[in-house]
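Numbering (our numbering), first residue to last: 14 to 198.
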């Protein structure tokens, strides 16, 4: 009998997301060994998260919580960053949509950084050195003590990005569940 850890579920989910939004193949599961196919926990938990506001993932070696926020809460976070700074507010907002999607709708705010989900996974963004991260993506790598807020089109890819960040040691994570579809409505 195979036991699937939360890391395996997350890796499976990321691969599904990457394949859905990128034509470049990804072998992220190689290090996790054989994997049984199972329903994606993100899709199952998203309705739970919207209803109850938090999703908690646990495995034998760590646990993490991804807080879910709505449009009003994200608006307050963005106002906080705009009125002070990223450093003073303690927040960094990252839009994980592709460049063409952002060009179509526009950015949520000038303070929102862009880092498409396929690049997060393919380049191991959160494992990069601070210098390599900034050279590659054009903004400072989030610090472990910063709160990272992820957003996308509808809250699904942003949840995948938050899970990927958690797998790389980040613990202050927020997912904007509405995404650009909600923001620009």
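Just so it is clear, CB atoms sit at the ideal spot from N, CA and C, and this is done for glycine as well.
Since the model is a prediction, treat every value here as computed from it, not as a measurement.
query, result
"Local Cβ density within 10 Å of residue 198, reported as buried at 16 or more and exposed below that", "exposed"
"Alpha helix (DSSP H) segments (min. 4 residues) lying fully within the stretch 99-127", "99-102, 112-118"
"Residue 103 to residue 124 span [Cα, whole Å]", "13 angstroms"
"Residue range of the unbroken beta strand (DSSP E) whose run includes residue 161", "160-164"
"DSSP state of residue 198 mapped onto helix, strand, coil", "coil"
"Beta-carbon proximity list for residue 118, same chain, < 7 angstroms, skipping 5 on both sides", "193, 197"
"Residue 183 in three-state terms, based on DSSP", "coil"
"Residue 185, buried or exposed, once every other Cβ within 10 Å from all chains shown has been counted against 16", "buried"
"Cβ-based neighbour list, residue 128, same chain, cut-off 7 angstroms, excluding 5 preceding and 5 following", "107, 109, 138, 150"
"Buried or exposed (CB count within 10 angstroms, at least 16 for buried), residue 166", "buried"
"Residues bridged to residue 190 (per DSSP)", "None; residue 190 has no bridge partner."
"Other residues of its chain near residue 195: CB distance less than 7 angstroms, five sequence neighbours each side excluded", "84"
"C-beta contact flag for residue 174 and residue 121 at 8 angstroms", "no"
"C-alpha distance - residue 133 paired with residue 79, whole-angstrom precision", "17 angstroms"
"Simplified DSSP assignment, three categories, for residue 95", "helix"
"CB of residue 189 within 8 angstroms of CB of residue 163, strictly", "yes"
"Selected residue, minimal CA-CA separation from residue 100, among 157, 146, 141", "157"
"CB-CB length for residue 161 against residue 105, believed under 8 angstroms", "6 angstroms"
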